[in-house]
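Protein chains in written order, with my numbering: chain A, 1 to 125; chain B, 126 to 674.
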Amino acid sequence: METVLSLVVGCLFAVSLYLILSKHIIRMLLGVVLLSNAVNILIFNAGRITSVAPPLVPEGAEAPLSDVANPLPQALILTAIVISFSFFAFLLVLAYRAYQDLGTDDTDQMRVAEPEEDGPPPLGY
Amino acid sequence: MVHGAYQAADFLVVAPVALCLLFGAGLLMIRKRVDWHPFVAIPGFCLLFAADVLLLLKVAADGPRTMMMGDWQPPFGIAFTVDMLGALFVTTAGFVALASSIYATFSISRTERRYGFFPFLFLMMGGVSGAFLTGDVFNLYVWFEVLLIGSFGLLILGSEHEQLDGATKYCFLNLVATTLFLVTTGYLYGLFGTLNMADIAEKAGRFENDGALLTIAVLYLVAFGMKAAAFPLNFWLPASYHTPRFVVSALFAGLLTKVGVYALIRVLLMLFPPQHADLATLIAWVAALTMLVGAFGALAQSDLRRLLNYFVIAGIGTIFAGLALTEPGGGAAAGMVATSAGAAATDAAAGEAAALLPGSTSQVVGLSGAVFYAVHSIMVMTALYLAAGTAARIAGSSSLRVMGGLWRSRPALAALMLVFLLAVSGLPPFSGFWPKVILVRGAFQAGLPVLGAIILLTGFLMTVASARVFALAFWRNAPAAPEADAENAVFRAEGEPAPLVSLLPLLMLAVFVVAAGILPQWLTELTDVAARGIVDPAAYVGSVFGGGS
Chain A
1 METVLSLVVG CLFAVSLYLI LSKHIIRMLL GVVLLSNAVN ILIFNAGRIT
51 SVAPPLVPEG AEAPLSDVAN PLPQALILTA IVISFSFFAF LLVLAYRAYQ
101 DLGTDDTDQM RVAEPEEDGP PPLGY
Chain B
126 MVHGAYQAAD FLVVAPVALC LLFGAGLLMI RKRVDWHPFV AIPGFCLLFA
176 ADVLLLLKVA ADGPRTMMMG DWQPPFGIAF TVDMLGALFV TTAGFVALAS
226 SIYATFSISR TERRYGFFPF LFLMMGGVSG AFLTGDVFNL YVWFEVLLIG
276 SFGLLILGSE HEQLDGATKY CFLNLVATTL FLVTTGYLYG LFGTLNMADI
326 AEKAGRFEND GALLTIAVLY LVAFGMKAAA FPLNFWLPAS YHTPRFVVSA
376 LFAGLLTKVG VYALIRVLLM LFPPQHADLA TLIAWVAALT MLVGAFGALA
426 QSDLRRLLNY FVIAGIGTIF AGLALTEPGG GAAAGMVATS AGAAATDAAA
476 GEAAALLPGS TSQVVGLSGA VFYAVHSIMV MTALYLAAGT AARIAGSSSL
526 RVMGGLWRSR PALAALMLVF LLAVSGLPPF SGFWPKVILV RGAFQAGLPV
576 LGAIILLTGF LMTVASARVF ALAFWRNAPA APEADAENAV FRAEGEPAPL
626 VSLLPLLMLA VFVVAAGILP QWLTELTDVA ARGIVDPAAY VGSVFGGGS
């Protein structure tokens with residue numbers, strides 16, 4: 001199971017890197033979504049996947065009676081999902097606003113902050 | 126072991142984060158009463174700085190302190206562990222936040238306050254403080270994200286074309302960097318089964334799988350190098366840091382890159398010392414190239430704000446130089462050793478130094494210099510952007526072609542700017558001088574004379590760039606007919622600030638710059654303690670697991 005998931009993670013990383021390397025922001029956004037999902041599966045995989053009981057402690061006991069699944073990766077992933085989702089929402093709005101205001105989603109043409117030709121600074125006065 | 130009943134003083138460990146989140150939430154509730162914002166925010170930042178100072182004093186007196194979230198025992202609960210390194214950084218951050226918030230009272234318009242300048246500022250500071258105080262790797266990731274969300278809000282304040290352009294690049298690059306951090310944290314969890322830093326520090330030494338640890342160390346170096354804008358991952362910084370309001374640029378330039386540096390020190394140097402030694406040569410090259418890119422980039426700029434962006438990068442390179450120093454003859458950094466005779470001589474010198482001062486190895490010296498330089502850099506970069514902001518408002522532009530005559534019209538501002546420019550170039554008697562002395566001496570001790578020479582060369586080039594700024598913007602007479610500069614018209618429209626309020630934050634920062642320059646002893650003692658705590662984290666581990674282990 002871990003091997004299969006590792007391969008899935010590898011494929012997702014490859015696809016998302018390919019998309020992020022594009023110069024169009026909309027493709028980069030898709031890459032970011034895939035990247036965050038790839039990381040979530042990676043963390044899940046890092047916590048080892050076992051088919052055992054849910055991690056519940058019976059009433060009156062101090063510790064689980066038998067082997068239980070690892071609950072920590074799920075807590076980590078839940079945090080990561082919330083964060084990456086909010087980031088994606090922000091990026092989506094930012095990209096749309098940048099497209100509206102700058103008239104392009106091609107990062108090569110987004111040169112407002114760094115104009116092409118600025119010339120050297122004055123060398124004397 | 127940490128006990129259930131905490132003393133009141135223990136709550137200082139979480140106080141900086143709690144205060145920031147509390148004031149941030151409170152300010153959100155009075156979002157529409159923009160006139161009240163400064164009167165709530167300034168006392169809030171005073172309280173934050175007071176809590177930071179008390180925490181620093183407590184750590185200086187008692188050593189590292191730990192608090193467990195929800196009293197879940199280590200290594201299972203999330204630990205907040207503060208040692209001297211964290212306390213020093215968080216206090217510096219609190220100080221520049223206070224200075225910047227005073228500056229913001231007149232430089233941030235009512236509309237921008239309505240869009241949430243002060244709440245975002247508090248939330249970002251909450252993230253920064255949390256990153257400096259946490260003792261858990263995953264928690265560190267969460268605080269990185271908190272500070273990023275706050276910084277996004279500050280970055281696009283104003284929604285100008287330039288800002289949207291800069292913000293797009295900043296957001297994507299930082300998101301990829303934090304995702305890489307998360308990937309590595311996933312691997313770390315897979316290997317160790319724990320995310321508590323003290324627990325990992327203990328287990329990493331006994332760990333067999335060197336290849337896996339080296340992979341993790343390299344990935345952390347890339348992720349935090351991206352955050353810190355180290356070459357060749359620095360291109361997002363000059364693309365974005367000059368676009369927001371000056372006070373926002375000041376805080377970003379001062380704090381955010383240093384959070385990356387702090388995380389690198391904490392994770393790479395404290396948790397994986399053997400892997401750090403393996404990577405020392407790489408870090409030395411990264412440091413040298415970052416310094417040179419920063420210095421030459423600054424020389425090529427004709428706009429004051431963009432020039433300052435490159436000063437930030439040069440400063441990061443100087444800090445990285447301190448992180449590259451390891452023990453001479455440790456097998457590391459062989460690529461940069463100049464000649465065998467020179468290396469032998471410096472080896473002898475290092476041996477002497479180590480014999481004179483027990484425990485003062487070249488790694489401790491380098492790290493201490495790096496921490497000193499980081500504290501200096503936070504203060505002086507914030508001060509430079511704030512001073513540049515005032516100068517640009519008066520001159521109506523931040524282009525060096527247009528500015529001029531400020532020495533005659535604003536002598537106090539010009540004198541303060543001169544102090545900061547000399548400090549950032551590393552000239553005495555200001556705060557930039559001593560850390561560079563420590564770093565150059567450490568580089569020679571560690572058998573890296575080339576690195577030491579590059580630190581000196583960078584200092585020279587930055588002096589040239591600083592001198593150009595001062596000569597053009599301040600010393601010469603104002604150009605007769607300033608070019609019409611539509612792009613920068615926004616500065617002129619804002620009007621000139623009252624001199625007293627605009628000088629107060631600069632004076633506060635200048636006091637530190639001069640004090641650390643004339644009396645560096647108090648600061649070097651603190652940075653030495655911080656560096657020793659990283660090289661030998663026994664006290665850090667002890668504070669989490671109790672003195673015995």
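No residue lacks a Cβ here, since even glycine has one placed at the ideal position from N, Cα and C.
Interface residues of chain C facing residue i [CB-CB closer than 9 angstroms]
| i | result |
| --- | --- |
| A/Tyr125 | Of the protein chains in this structure, namely A and B, none is chain C. |
Assigned secondary structure, residue i (DSSP; H/G/I helix, E/B strand, else coil)
| i | result |
| --- | --- |
| B/Asp653 | helix |
| B/Thr415 | helix |
| B/Ser226 | helix |
| A/Gly124 | coil |
| A/His24 | strand |
| A/Asp106 | strand |
| B/Asn299 | helix |
| B/Asn321 | strand |
| B/Trp197 | coil |
| B/Arg158 | coil |
| B/Thr471 | Residue placement at B/Thr471 is flagged as unreliable, the pLDDT there being 47, under the threshold of 50; the coordinate-derived value follows with that caveat. Of the three classes helix, strand and coil, the one that applies to B/Thr471 here is helix, per DSSP. |
| B/Ala143 | helix |
| B/Arg370 | coil |
| B/Gly330 | coil |
| B/Leu338 | helix |
| B/Leu346 | helix |
| B/Leu137 | helix |
| B/Gln288 | helix |
| B/Phe555 | coil |
| A/Val33 | helix |
| B/Leu634 | helix |
| B/Leu644 | coil |
| B/Ala664 | helix |
| A/Ala38 | helix |
| B/Ser502 | helix |
Bridge-paired residues (DSSP) for residue i
| i | result |
| --- | --- |
| B/Phe205 | B/Met192, B/Thr259 |
| A/Ala53 | A/Val68 |
| B/Asp428 | B/Ser524 |
Residue i burial status per 10 Å Cβ neighbour count (16 or more: buried)
| i | result |
| --- | --- |
| B/Gly370 | In the sequence as displayed, the identity of residue 370 of chain B is Arg instead of Gly. B/Arg370 comes out buried. |
| A/Leu78 | exposed |
| B/Met250 | buried |
| B/Gln426 | buried |
| A/Val57 | exposed |
| B/Thr112 | With chain B covering only 126 through 674, there is no way to say anything about residue 112 of chain B. |
| B/Glu270 | buried |
| B/Trp559 | buried |
| A/Tyr125 | exposed |
| B/Leu320 | buried |
| B/Arg235 | exposed |
| B/Ser232 | buried |
| B/Trp361 | buried |
| A/Leu19 | buried |
| B/Gln488 | buried |
| B/Ala186 | exposed |
#### Entry: Contact the stretch 546-555 of chain B vs the stretch 495-513 of chain B: 3+ CB pairs below 8 angstroms
Flag = yes, the stretch 546-555 of chain B and the stretch 495-513 of chain B touch.
### Task
Can you give me, in chain order, the residues of the stretch 10-40 of chain A that have a beta carbon less than 8 angstroms from any beta carbon in chain B?
Interface annotation for the stretch 10-40 of chain A against chain B: Ile20, Ile25, Met28, Val32, Leu35, Ser36, Val39, criterion Cβ-Cβ distance under 8 angstroms.
#### Entry: Within 8 angstroms of chain B by C-beta, residues of the stretch 97-124 of chain A in sequence order
Taking 8 angstroms as the upper bound on Cβ-Cβ separation, chain B lies near residues Arg97, Ala98, Asp101, Leu102, Thr107, Met110, Arg111, Val112, Ala113, Glu114, Asp118, Gly119, Pro120, Pro121, Pro122 of the stretch 97-124 of chain A.
### Query
Is the stretch 286-295 of chain B touching the stretch 379-392 of chain B in the sense that three or more CB pairs, one from each, lie closer than 8 angstroms?
Proximity of the stretch 379-392 of chain B to the stretch 286-295 of chain B falls short of the contact definition, fewer than three beta-carbon pairs being nearer than 8 angstroms.
### Query
Is there contact here, the stretch 197-208 of chain B with the stretch 314-325 of chain B, by at least three beta-carbon pairs under 8 angstroms?
Touching, yes.
### Residues of the stretch 284-299 of chain B whose Cβ lies closer than 9 angstroms to any Cβ of chain A, in chain order
Hits within the stretch, in order: Ser284, Glu285, His286, Glu287, Gln288, Leu289, Asp290, Gly291, Ala292, Thr293, Lys294, Cys296, Phe297.
### Query
Residues in the stretch 408-428 of chain B with C-beta within 9 angstroms of chain A's C-beta atoms, listed in sequence order?
Within the stretch 408-428 of chain B, the qualifying residues are Leu424, Ala425, Gln426, Ser427, Asp428.
### Query
Mind listing which residues of the stretch 85-97 of chain A have their C-beta closer than 8 angstroms to chain B's C-betas, in chain order?
Within the stretch 85-97 of chain A, contact with chain B at the beta-carbon level (separation under 8 angstroms) is assigned to Ser86, Phe87, Phe90, Leu91, Leu94, Ala95, Arg97.
### Message
Quick test of the definition: if touching needs 3 or more C-beta pairs under 8 angstroms, does the stretch 59-75 of chain A touch the stretch 327-343 of chain B?
### Response
With a cut-off of 8 angstroms, the stretch 327-343 of chain B and the stretch 59-75 of chain A do not count as touching, because too few Cβ pairs lie within range.
### Query
Taking Cβ-Cβ distances below 9 angstroms as the criterion, which residues of the stretch 312-338 of chain B are in contact with chain A?
From the stretch 312-338 of chain B, only Tyr312, Leu313, Tyr314, Gly315, Leu316, Gly318, Leu320 have a Cβ closer than 9 angstroms to chain A.
### Message
Would you call the stretch 565-579 of chain B in contact with the stretch 536-547 of chain B, where contact means no fewer than 3 C-beta pairs closer than 8 angstroms?
### Response
Not touching, per the Cβ criterion.
### Query
Taking Cβ-Cβ distances below 9 angstroms as the criterion, which residues of the stretch 352-370 of chain B are in contact with chain A?
So the close ones are Pro363, Ala364, Ser365, His367, Thr368.
### Message
So, does the stretch 592-600 of chain B touch the stretch 516-534 of chain B, judging by three or more C-beta pairs under 8 angstroms?
### Response
The count of Cβ pairs closer than 8 angstroms, one atom from the stretch 592-600 of chain B and one from the stretch 516-534 of chain B, reaches three, so the stretches are in contact.
### Task
Decide if the stretch 180-187 of chain B is in contact with the stretch 207-222 of chain B; the criterion is three or more beta carbon pairs, one per stretch, under 8 angstroms apart.
Judged by Cβ distances under 8 angstroms, the stretch 180-187 of chain B makes contact with the stretch 207-222 of chain B, as three or more pairs qualify.
### Query
Going along the stretch 74-85 of chain A in order, which residues come within less than 7 angstroms of chain B, judged by CB to CB distance?
Within the stretch 74-85 of chain A, the qualifying residues are Leu76, Thr79, Ala80, Ile83.
### Message
Taking contact to mean 3 or more Cβ pairs, one atom from each stretch, closer than 8 angstroms, check whether the stretch 491-501 of chain B and the stretch 79-97 of chain A are in contact.
### Response
As far as the Cβ criterion goes, the stretch 491-501 of chain B does not touch the stretch 79-97 of chain A, which means the pair count is below three.
### Task
Check whether the stretch 148-158 of chain B touches the stretch 238-248 of chain B, taking contact to mean three or more Cβ pairs, one atom from each stretch, closer than 8 angstroms.
Below 8 angstroms, enough C-beta pairs join the stretch 148-158 of chain B and the stretch 238-248 of chain B to call them touching: three or more.
### Message
Can you pull out the residues from the stretch 227-252 of chain B whose beta carbon lies closer than 8 angstroms to at least one beta carbon of chain A?
### Response
Listed by position along the chain: nothing, the set is empty.
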